[in-house]
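This report concerns only the one structure given below.
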Amino acid sequence: NYQDKDFQKYLLHCGVKVKDIPDTKTFYFESEHELLMGFTKFIIDHDVDLIYSYNGDQFDWSYMFKRALFYKQNATRFRGFNYNKFCDMSRVKGFKCAIKANTFSPLLVSKMDIVTQLFEMANITFVPIAYLLSRGQQIKYPQLLDFASLYPSCMISWNLDYSTIVLDPKYDNLPGIEYSDVEWTEEDGVYKKYRYAQNVPSIVPELVANLLASRKQVKKMIKELVKYETDANGKQIRIVTDPFRYSVLTGREQALKVSANSAYGFLGAQRMPLPAIASSVTACGRKMIMQAKFFMEHDFVSVLQKRGITDVAKFQVIYGDTDSVFVAARGWNIEQVNKYLPMAEEYMNSHVFTRKSQAIEFEKTFVPFLILTKKRYAGQMYTPDDNVKSKLSYKGIALTRRNYCSFVKNVYKNILKAILNNRQDGVKLALKSLDSNLQIHSDGQFPMSDYIATVKLGASYANENLFQPKCYAKANNLKLDLYYYLNNQLKNPIMDIFRVIGKQAEQDANKIFERVT
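Offset between the sequence shown (1-based) and our numbering: plus 11.
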């Protein structure tokens with residue numbers, strides 16, 4: 012079972028016979044021909060349902076197939092299909108290291124729930140799993156007002172489809188047909204306008220509507236599998252009553268979400284491109300965001316006053332994302348924010364966004380909220396329950412980037428927490444945390460594993476002589492370049508934080524870096 016944490020490791024090899032390897036069952040074969048036949052028998056005897064490997068499709072499968080052809084083997088008897096292709100086993104070279112490293116593959120598959128998500132995506136999109144792997148699937152208290160599936164809802168609301176767009180003027184005023192114009196001005200000043208038939212059947216909007224309806228139903232089923240209990244210390248504990256079903260439904264919900272959102276993407280792709288519709292979708296989304304901004308800054312105060320609420324705040328949209336609006340309520344405390352802001356959601360959904368499928372949601376409150384640049388922010392999500400730990404929410408910063416190592420992420424996260432969790436002396440604590448971590452780093456006390464990052468190698472690394480194997484580094488006692496990590500990985504993202512806070516904080520942080528380097 013791939014979800015088991017107790018995996019059994021096997022090594023099938025030929026050539027030099029090896030000694031026993033801890034926690035590994037070894038099978039020795041006299042020749043490569045016998046090895047191929049033995050591995051085929053191994054797969055049949057174990058009734059394997061699923062085989063996954065690292066880069067297997069790009070190398071191992073084709074290599075094994077060629078070797079099988081060389082020996083003129085034709086022993087394919089796999090249950091369920093008849094395909095002359097032999098299974099994954101590369102040359103026995105460095106097998107001890109491979110056995111150790113490959114232990115992490117099933118653990119990663121289990122941890123990330125890859126198998127379930129792939130099967131659910133394949134079921135929903137009717138795309139083979141192999142295609143999904145190789146081709147893809149085509150203060151102020153800031154509050155987040157989020158549009159529910161903005162682009163899919165735009166396609167449904169305006170009936171934006173290949174079959175409804177009017178490209179010939181003779182069809183733009185047919186009797187019994189309602190029309191809606193989508194208008195916008197490009198950045199270069201060019202005015203655009205496209206007309207769409209409204210009260211007629213369509214293809215993509217109906218498909219997207221079905222996906223969203225299915226997702227809503229699945230989310231309801233997921234919610235029913237979760238319950239909360241209070242432990243002896245009075246803290247809430249989240250319990251999943253059926254973990255396997257929860258895993259399957261979560262994978263299905265994610266597949267439905269991705270499929271619905273990808274409908275916008277293929278309008279500009281190679282297979283069925285019609286950029287006019289894709290541009291219309293983004294124009295409608297932009298219009299909805301601007302409508303929400305105008306309402307919050309100009310109309311919401313009068314709505315509250317008409318309902319007898321006189322102690323109103325001053326509302327300002329401080330940031331707008333692709334499908335969300337961040338609003339600052341100046342003059343309200345946190346209780347007022349959470350009591351009255353849902354009224355904005357209710358009013359906009361009944362009076363502003365009246366088209367089919369349009370909806371805006373009052374999603375969460377940040378206390379506090381830090382904006383670095385566009386699409387890069389972090390905030391502490393507010394929770395009224397003291398027994399529930401508040402959650403750090405962020406987007407686009409170093410914590411989300413794979414090319415930053417754990418050392419950078421840990422230092423970065425500690426600084427963020429110091430600032431966001433301490434209103435009075437957060438900056439002072441953040442500077443102290445930076446100073447302490449840099450000193451530990453300079454003394455070489457962090458483990459080597461903290462400096463490992465996922466980096467895509469450029470063309471200059473094609474020459475294998477440009478880097479040395481780890482055995483060379485160990486034999487020659489090569490040292491880690493600590494200053495490289497300070498200047499090329501850590502300094503820029505950290506200085507971005509202090510730069511936003513203020514000039515003095517930026518200068519103090521810079522002095523700490525200068526002292527260490």
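Virtual Cβ for every residue (Gly too), placed ideally from N, Cα, C.
Just so you know, these numbers come straight off a predicted model, no measurement behind them.
- Scanning the region 311-369 from its first residue to its last, the whole alpha helix (DSSP H) runs of 4-plus residues come out as 311-317, 345-358.
- Counting of Cβ neighbours within 10 angstroms places Val237 among the exposed residues, the total staying below 16.
- For Glu45, the uninterrupted alpha helix (DSSP H) run begins and ends at 43-56, by DSSP.
- Rounded to the nearest whole angstrom, the C-alpha separation of Glu517 and Gly342 is 29 Å.
- For Glu356, the closest of Val348, His362, Phe373 by C-alpha to C-alpha distance is Phe373.
- In the DSSP annotation of this structure, the continuous segment of the beta strand (DSSP E) that includes Lys238 starts and ends at 237-241.
- The Cβ atoms of Tyr388 and Tyr415 do not sit closer than 8 Å to each other.
- Between the C-alpha atoms of Leu80 and Asp71 there is a straight-line separation of about 14 Å.
- Of the residues assessed, Pro216 falls on the buried side of the cut-off, its CB having 16 or more other CB atoms within 10 angstroms.
- Using a C-beta cut-off of 8 Å, the region 239-248 makes no contact with the region 202-221, since fewer than three inter-stretch Cβ pairs fall below that distance.
- Between Gly407 and Lys386 the beta-carbon gap is near 5 Å, inside 8 Å, which marks them as a contact.
- Beta-carbon to beta-carbon, Asn170 and Gln228 are separated by about 23 Å, too far to satisfy the 8 Å threshold.
- Scanning the region 410-462 for uninterrupted alpha helix (DSSP H) segments of 4 residues or longer gives 417-432, 437-453, listed from N- to C-terminal end.
- Per DSSP, reduced to three states, the secondary structure at Asp492 is coil, with no helix or strand assignment.
- Residue pairing by DSSP places Val201 in no beta bridge whatsoever.
- A straight-line Cα-Cα distance of about 24 Å links Thr293 and Ile188.
- Taking C-alpha positions only, Phe158 is separated from Ile55 by approximately 51 Å.
- Apart from sequence neighbours up to five positions away, the residues of its chain that approach Gly279 with a beta-carbon distance below 7 Å are Pro286, Ala289, ordered along the chain.
- Going by beta carbons, Phe326 and Met307 fall inside the 8 Å limit.
- In the displayed model, Ile62 falls within coil according to three-state DSSP, outside both helix and strand.
- By the Cβ criterion, the region 493-510 is in contact with the region 445-455, since at least three pairs of Cβ atoms, one from each stretch, lie closer than 8 Å.
- With distances taken between CA atoms, Met354 lies nearest to Val323 out of Ser368, Val323, Val27.
- In the DSSP assignment, Thr376 falls outside any alpha helix (DSSP H) and lies within the beta strand (DSSP E) extending over 371-384.
- Out of Ala339, Glu194, Ile508, Cys295, the CA that lies nearest to the CA of Tyr275 is found in Cys295.
- Under the three-state reduction of DSSP, Met392 is assigned to strand.
- In the structure shown, Phe38 adopts extended strand secondary structure according to DSSP, grouped into three states.
- A straight-line Cα-Cα distance of about 18 Å links Ile505 and Phe457.
- Taken in chain order, the whole alpha helix (DSSP H) runs of length 4 or more contained in the region 215-265 are 215-235.
- For Arg206, the number of other beta carbons within 10 angstroms of its own is at least 16, and it is reported as buried.
- Rounded to whole angstroms, the gap between the alpha carbons of Ile430 and Val338 is 21 Å.
- Sorting Asp172, Leu383, Leu23, Asn344 by C-alpha distance to the C-alpha of Glu41 places Leu23 at the top.
- Non-local beta-carbon contacts of Glu45 in its own chain, meaning distances under 8 Å to residues more than five positions away in sequence, involve Cys25 in chain order.
- Annotated three-state conformation of Asp179 is coil, per DSSP.
- The Cβ atoms of Glu197 and Ile233 lie no closer than 8 Å to each other.
- For Trp195, no alpha helix (DSSP H) segment is defined; the enclosing uninterrupted segment is the beta strand (DSSP E) at 190-196.
- Leaving aside the five residues that flank Asp183 on each side, the residues in its chain whose CB is nearer than 6 Å to its CB run, in chain order, Val177, Arg206.
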